[in-house]
Amino acid sequence: MTSKTVSFALFEREIVGQAVVDSFRKLSPAQQMKNPVMFVVWVGSVLTTALFFQALFGQGEAPTGFILAITLWLWFTVLFANFAEAVAEGRSRAQAAAMRGMKKAVWAKKLHEPRYGAKWQLVEGEELRKDMVVLVEAGEFIPGDGTVIEGVASVDESAITGESAPVIRESGGDFSAVTGGTRVLSDWLVVRITTNPGETFLDRMIAMVEGAKRQKTPNEIALTILLVAMTLIFLFVIVTLLPFSLYSVATAGAGQPVSITVLVALLVCLIPTTIGGLLSAIGVAGMGRMLQKNVIATSGRAVEAAGDVDVLLLDKTGTITLGNRQASNFLHASGVTEAELADAAQLASLADETPEGRSIVVLAKEKFGLRERNIHEMGATFIPFSAQTRMSGVNVPAHDGAAARQIRKGAADAIRNHILSLGGQFPPEVNMIVDNVSRRGSTPLVVADGTKVMGVIELKDVVKGGIKERFAELRRMGIKTIMITGDNRLTAAAIAAEAGVDDFLAEATPEAKLKLIREHQAQGRLVAMTGDGTNDAPALAQADVAVAMNTGTQAAKEAGNMVDLDSNPTKLIEIVETGKQMLMTRGSLTTFSIANDVAKYFAIIPAAFATTYPALGALNVMHLATSSSAILSAVIFNALIIIALVPLALKGVKYRAIGANVLLRNNLLAYGLGGIVVPFIGIKLIDMLLVGLHLA
C-alpha cells in the first residue's frame, strides 16, 4: 500500500480557518443545547455578559474589570469546545470532499444483451440503473458499482483503496465485484450494474464520513447522561450557596456575600467541561482514524462496538494462513495408481478457478504430463462447490467406449456421506491417509469416482509470520480468538496450535458460524468477524462488528457494518485496536477531566468564600495572590486545557495491548494523578503571570 485513502495533517490551515468560523456559528442556542454541559457554560456566559453591562451603569455586584475578564474567558471556554468539534468535523468534511473529487462524469457503453460483441449504446453514467449491463474496455472508467459477468481484466482501484498495484477482476468467484470510478487497465469487462445513481459505494463512503451526520453511540450517550447528572448536582449546590452566604453575612454582621459572577465561575470550573467539550470531537476523530486504515464504518456505533469486542472470529485462509494452498501430493488408495488419482483429480478441477483447483491441474500436468482435455467434446457437466455440500466435481457421460463417470472431490466427511448415499463403502485406509495429512497441518481433499474412493490430494498452507504474537496481544487484552475453517478437525487443530488461537470451528458451514456467534452473544459477549461471500451474510448480519471485504459480494457488504477497502481479512485485528483506542481516549480524558475538578476545588472555593468565611483562607494551599486572581486563574486554566487537549482528542491516546485491569490502573496513574497535578501547576503559573502583569 503506497498511501491511504485520504490523509490530512493534524491541523490543516484550511480546516483550522473554517473551524474558527464554525466555532462562532455554533454559538447559537440550538447548537449548544446538543451538548448539555457546554450549554450550562453558554448560559453562564450570557448571564455574566448581562452582569457586565449592568456594571457599566454603576450597578455592578463586582468590579467591572473582573466581570469582563470572567465573561471573556467563559466565552472562550465555549468557543474552544466548539473549535474542537469543528476541527474534527472539518477533517471529516475534507475527507468527504476529497472523495467527491474521485467521482467522474463518465460515459458508458450500455449493452442490450449481456454478451460481449453485442451492439452497445453510448449513454451518460448517471443514466445507468440497477441490472443494466455495460461494456468497459481498456483505458475506460467503470461507470458504477457492479458485478463482472464476462471477461477478465486488470483494474486500477487506487482512487478508492490507495493501492497502486492493479488488481484482477473476473466473472465468478470472490473477485467479481467492481467499484464505480475505478479504471480498467487491460482487456475488457462486461459488468452488470448493481446500484442506482446516488447509491454507489463512493456515494455511501461520502455520506459515512460526514462528521456532521454522525449519531451518538450508546457509550457516548451513557457518558453524556453521567456528565449531565454531575452538572445538575453542582448546579443545585451552587444555587444553594448564595442564600447560605447571604445568611452568614447577615448573622455575623460582617463580610460580603459571594457575587453571582463568582458563583458562575465556580460552577463552570466544577462541572466536567473538559470532557464535555471534547466528547464529540473524540467520536468524530475515531471514525476518521478508522478511515485512515482504509475501513469505512457505517456509524460510530460500529467503531465503538469494535472497542468492546471480546471474541474474534477469523477465517483461516488469508487471515491466519497465507491463503495460497497448493496441491503438493497425490496419495492414492489401494487398487488405484497415483496416475489414475491425478487423472481424476485434474478432470474434476478443470472448471475450478480457485488457486487450489488450478494447482491440482498444474501438479497433475507436471508429474504425469496430463494435459487439459476438451471438456465440450466430452459433454462434461461440472458441479460447482457449495458451502452446504462442501465438494465439487464433474459428471462425464459415456463416450468413445468409455463408461460414464461421476467424479467428486472435497472434504473427507462430505465425500464419505456422498459415497454412502450411493451405496458404497469408505475405505479405512483412506481415513488413515486423511488423518496423517491433517496431523501435518495440511488440508486433505478426497477424490471419488462413483462409489470408488481414489485417494487424497494434499494441500499445503503456511501460517503467516508474526500472527502468533498478534494473537498473544489480543489474549492479554482479554479477547478470545476463534479460527473458522472448512477443514476437518485434525487439520484445524494443527493450524490452530501453530497459530496460537484460543479455539477453532472446523468444517464450518454458514449455519455453524451463525450458531457459534449466537452462543457467544448469549453469554453477553460482543463478537466480530469478517466475510466476503453471500454465504457469510447471515453471520455478518448477526455479528456485533461485521467487516465486509470490498471485493466481496453485494449481500456481504449490505450485511456488514464496516467495509475494508483493502479486502484484507487481517484488518479485523487493526479495527479492534482502533476501536479500543477510541474508548481508551474517551476514558483517559474523562479521568483527566474529573481529576481536574478536584484540584480546582482548592483554587476557587477558598477564594470564592474568603470574604464570607475568612477561615477558608487556610485551604489556599497554592498560595494564590488574591481572591480575584485565584478565581480568574482557575477560569483561564479551565478554558485553555480544552484547547490544549484537542490534539490528543483528534489523534487518540497511544494504543497498548494490555488488559482492562492494567489499563484502568495506568489510566488512574497517568490521567488521574496527572489531572490533579497539572491544574495545581497551571493555575499557579497563571496566577503569577496575572500578578506580574498587574491584571489581578
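So the sequence shown is numbered by my numbering: it starts at 160 and just counts up by one.
C-beta: ideal position from N, C-alpha, C; glycine also.
At a cut of 8 Å, does the segment 714-722 reach the segment 792-809 through at least three beta carbon pairs? The answer is no - the segment 792-809 does not touch the segment 714-722, with fewer than three Cβ pairs under 8 Å.
With distances taken from CA atoms, which of Met781, Leu522, Gly746 and Gly645 is nearest Leu878? Residue coverage of the chain in this structure runs from 160 to 855, which leaves residue 878 outside it and unanswerable.
Check the C-beta distance from Ile174 over to Thr207 and give it rounded, since I have them as a contact under 8 Å. That pair is no contact at about 31 Å.
Grab the span of the beta strand (DSSP E) containing Glu607 for me, first residue to last. It is worth fixing the name first, because residue 607 is Ala in this sequence and not Glu. Looking at the DSSP string, the run of the beta strand (DSSP E) that includes Ala607 is Thr602 to Asp608.
How would you call Tyr830, buried or exposed, if buried means at least 16 neighbouring beta carbons within 10 angstroms? So Tyr830 ends up on the buried side.
On the DSSP letters alone, give me the boundaries of the alpha helix (DSSP H) that Glu588 sits inside. It spans Pro587 to Arg598 - the alpha helix (DSSP H) in which Glu588 sits, taken as one unbroken run.
Using only the alpha-carbon positions, how far apart do Ile654 and Pro728 sit? Taking the straight line from one Cα to the other gives about 17 Å.
Cβ-based burial, Lys278 [other Cβ within 10 Å; buried from 16]: Flag for Lys278 reads exposed.
Let me make sure I understand the geometry here. Which of Arg599, Leu731, Glu309 and Val706 has the alpha-carbon closest to that of Val722? Nearest C-alpha to Val722: Val706.
Inter-residue spacing [alpha-carbon to alpha-carbon] between Met847 and Cys428: If I take the Cα positions, the gap works out to 19 Å.
For Ser740, which of helix, strand or coil comes out of DSSP? Note that residue 740 is Gln in the sequence shown, not Ser. Shown here, Gln740 sits in a helix according to DSSP, grouped into three states.
Contacting residues, own chain, Cβ-Cβ under 7 Å from Leu649 (five flanking each side not counted): Once the five neighbours on either side are set aside, the close Cβ partners of Leu649 are Asp594, Ser597 and Arg598.
Are there 16 or more other CB atoms within 10 angstroms of the CB of Ala371, so buried, or fewer, so exposed? Note on Ala371: pLDDT 41, under 50, position unreliable in the model; the coordinate value appears next. So Ala371 ends up on the exposed side.
Cβ contact (3+ pairs, closer than 8 Å) linking the segment 465-476 and the segment 731-750: Counting Cβ pairs under 8 Å, three or more are found: they touch.
Coarse secondary structure for Ala702, derived from DSSP in three states: Looking at Ala702 - three-state DSSP - the assignment turns out to be coil, as it is neither helix nor strand.
From Gly624 to Val660, what distance separates their C-alpha atoms? Rounded to whole angstroms, Gly624 to Val660 spans 14 Å at the Cα level.
Is the beta carbon of Met449 sitting closer than 8 Å to the one on Thr737? With contacts defined by Cβ atoms closer than 8 Å, Met449 and Thr737 form a contacting pair.
Output yes or no for whether 8 Å exceeds the beta carbon distance between Asp662 and Ile641. Yes, these two residues count as a Cβ contact at 8 Å.
How about Pro302 and Val265: do their beta carbons lie closer than 8 Å? Their beta carbons are under 8 Å apart, which means Pro302 touches Val265 by this criterion.
Contacts around Asp695, its chain only, beta-carbon distance under 6 Å, and the 5 residues preceding and following it disregarded: Counting only Cβ-Cβ distances below 6 Å, and skipping sequence neighbours, we find Ala715.
Could you tell me whether the Cβ atoms of Ile592 and Phe585 are closer together than 8 Å? Between Ile592 and Phe585, the C-beta spacing is not below 8 Å.
What's the C-alpha gap between Glu678 and Pro195? Between Glu678 and Pro195, the C-alpha separation is close to 39 Å.
Suppose contacts are defined by Cβ-Cβ distances below 8 Å. Is Lys811 in contact with Phe751 by that definition? It is Gly, not Lys, that sits at residue 811 in the sequence shown. Not a contact, by the Cβ cut-off of 8 Å.
Is any beta-carbon of chain C found at less than 8 Å from that of Ala253? The structure shown contains no chain C, having only a single protein chain.
Can you find at least 3 beta carbon pairs, one from the segment 420-435 and one from the segment 390-402, that sit closer than 8 Å? The segment 420-435 vs the segment 390-402: in contact.
Throw me the rounded Cβ distance for the Pro697 and Ala758 pair, which I believe falls under 8 Å. So it is not a contact: roughly 53 Å between Cβ atoms.
Please work out which residues of its chain come closer than 6 Å, Cβ to Cβ, to Leu348, disregarding the five sequence neighbours upstream and downstream, and give them in chain order. Cβ neighbours of Leu348 beyond the five flanking positions: Val295, Val307, Gly310 and Ala312.
What span of residues does the alpha helix (DSSP H) with Gly851 cover, start to end? Its alpha helix (DSSP H) spans residues Leu832 to Gly851.
Give a yes or no on whether the C-beta atoms belonging to Ile638 and Ile479 are separated by under 8 Å. No, these two residues do not count as a Cβ contact at 8 Å.
Judging by CA-CA distance, which residue of Ala789, Val805 and Pro188 is the nearest neighbour of Leu844? Residue nearest to Leu844 within the set Ala789, Val805 and Pro188 is Ala789 (criterion: CA-CA distance).
Where does the unbroken alpha helix (DSSP H) through Glu309 begin, and where does it stop? That residue, Glu309, is in no alpha helix (DSSP H); its beta strand (DSSP E) goes Gly305 to Glu309.
Whole-number beta carbon distance between Gly645 and Arg549, since they are thought to touch under 8 Å: So it is a contact: roughly 6 Å between Cβ atoms.
By the three-class DSSP mapping on this structure, what secondary structure does Ala371 have? Annotation note: pLDDT 41 at Ala371 (below 50); position unreliable, coordinate value reported separately. DSSP places Ala371 in helix when its eight states are reduced to three.
Within the continuous alpha helix (DSSP H) that includes Ile519, where are the two ends? Secondary structure note for Ile519: its alpha helix (DSSP H) is the uninterrupted segment Pro514 to Phe527.
Using only CA atoms, which one of Phe239, Pro188, Ala766 and Lys526 lies nearest to Ala440? Relative to Ala440, the option among Phe239, Pro188, Ala766 and Lys526 whose CA is nearest is Phe239.
Do Leu748 and Ala762 have their CB atoms nearer than 8 Å? No, Cβ-Cβ distance for Leu748 and Ala762 is not below 8 Å.
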